[in-house]
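Trainee: Dropping the structure in here first, questions after.
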Amino acid sequence: GEDGFEPSALGTKEHWDTAYKCELQHFEDNGDVGEIWFGEESMSRLIGWLEKQKIPLDSCILDVGTGNGLLLVELAKSGYTNLVGIDYSPSAIQLSKKIMEKEGLPQVKLQVEDILNPSDELSGFHVCIDKGTFDAISLNPDNAAEKRKHYVKSLHRILRPGGFFLITSCNWTREELLNEFGEGFLLLEELPTSVFCFGGKTGNNVTVLVFQRKI
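Counting in this note's numbering, the sequence shown runs from 5 upward without gaps.
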């Protein structure tokens, strides 16, 4: 690809539909909720930032590409009351709804939505969180560069002015993300992540940035 990314099945809706159909089956068979993208640490890092910033508990928070919805479960357990999760895979939304039911969290809203083409009712969010969705879009075999631009436009539209965007990525560096989102968003901070050492070089394999929508 033009960014050194090889187009991949991970960038296609078909891949995620199939994956979440399997996860749904596993959940129904044995109650297995599936994996946490980027691990437990990634969730506590994001929630820690929200708490440190004293983001009000009734703020409207959107989880973009919610998958099994486990981040929303943790947000709800931390006291956040106005939570929405979207995913373009109907199987993911079915799975996350079943998990919310199991956890006794009927107030969490879950809907099938494509962030690249969001419905009009998706708007006015104080906080949007992305753990891996922008990464997946970047791997789409069908004009990923155009889809990334759509993503940034959609995000700008659904976040209220001054709203926060927290992105966790394993494909993009801070500089590259700044380049992608720099037009409509200000970079507020980079959150520390685990450092790994490989071949004598030290580096972070995950980048977590907090942007604020320009007013």
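Yeah, the Cβ is synthetic: ideal placement off N, Cα and C, and Gly gets one too.
Under 8 Å from any heavy atom of the ligand SAH, does the C-beta of Lys58 make it?
Mentor: Absence of the ligand SAH from the depicted structure is noted, as is the absence of any ligand whatsoever, leaving it without description.
Trainee: Give the DSSP-derived three-state secondary structure of Gln111 in the structure shown.
Mentor: Gln111 falls in the coil class under three-state DSSP.
Trainee: Which residues share a DSSP beta bridge with Val68?
Mentor: Ile90 and Asp134, per the DSSP bridge assignment.
Trainee: Pull the bridge partners of Phe215 from the DSSP assignment, please.
Mentor: For Phe215, which the question treats as bridged, DSSP gives the partners Phe169 and Leu191.
Trainee: How many angstroms separate the CA atom of Arg188 from the CA atom of Phe168?
Mentor: The identity of residue 188 in the sequence shown is Gly, whereas the question assumes Arg. Whole-angstrom Cα-Cα distance: 12 Å.
Trainee: Using a threshold of 9 Å, state whether the C-beta atoms of Gly83 and Leu50 are closer than that.
Mentor: No; because the gap between Cβ atoms is not below 9 Å, this pair is not in contact.
Trainee: With DSSP collapsed to three states, give me the class of Leu163.
Mentor: If DSSP states are grouped into helix, strand and coil, Leu163 belongs with the strands.
Trainee: Suppose you measure from the CA of Val210 to the CA of Asp124; what does that come to, to the nearest Å?
Mentor: Taking the straight line joining both Cα atoms gives about 32 Å.
Trainee: According to DSSP, is Asn209 helix, strand or coil?
Mentor: Asn209: coil per DSSP, three-state reduction.
Trainee: Starting from Leu126, trace the alpha helix (DSSP H) both ways and give me its first and last residue.
Mentor: Run containing Leu126: none; DSSP gives neither H nor E here.
Trainee: What residues match up with Val116 in a beta bridge as DSSP calls it?
Mentor: Answer by DSSP bridge pairing, in chain order: Asp91.
Trainee: Cβ atoms of Lys135 and Gly73: under 9 Å apart, would you say?
Mentor: Cβ atoms of Gly73 and Lys135: not closer than 9 Å.
Trainee: Below 8 Å on the Cβ atoms is my guess for Ser127 versus Ile90; work out the distance and round it to an integer in Å.
Mentor: At roughly 12 Å, the Cβ-Cβ gap does not stay under 8 Å, so Ser127 and Ile90 are not in contact.
Trainee: If you check the beta carbons only, do Ser100 and Leu114 fall under 9 Å apart?
Mentor: Cβ atoms of Ser100 and Leu114: closer than 9 Å.
Trainee: Determine the DSSP secondary structure at Gly83, reduced to helix, strand or coil.
Mentor: Looking at Gly83 - three-state DSSP - the assignment turns out to be coil, as it is neither helix nor strand.
Trainee: Could you check whether Met47 and Leu87 sit closer than 9 Å to each other, using their CB atoms as the reference points?
Mentor: No, these two residues do not count as a Cβ contact at 9 Å.
Trainee: Just to confirm the assignment, what range does the alpha helix (DSSP H) spanning Leu143 have?
Mentor: Here Leu143 belongs to no alpha helix (DSSP H), and DSSP marks it neither H nor E.
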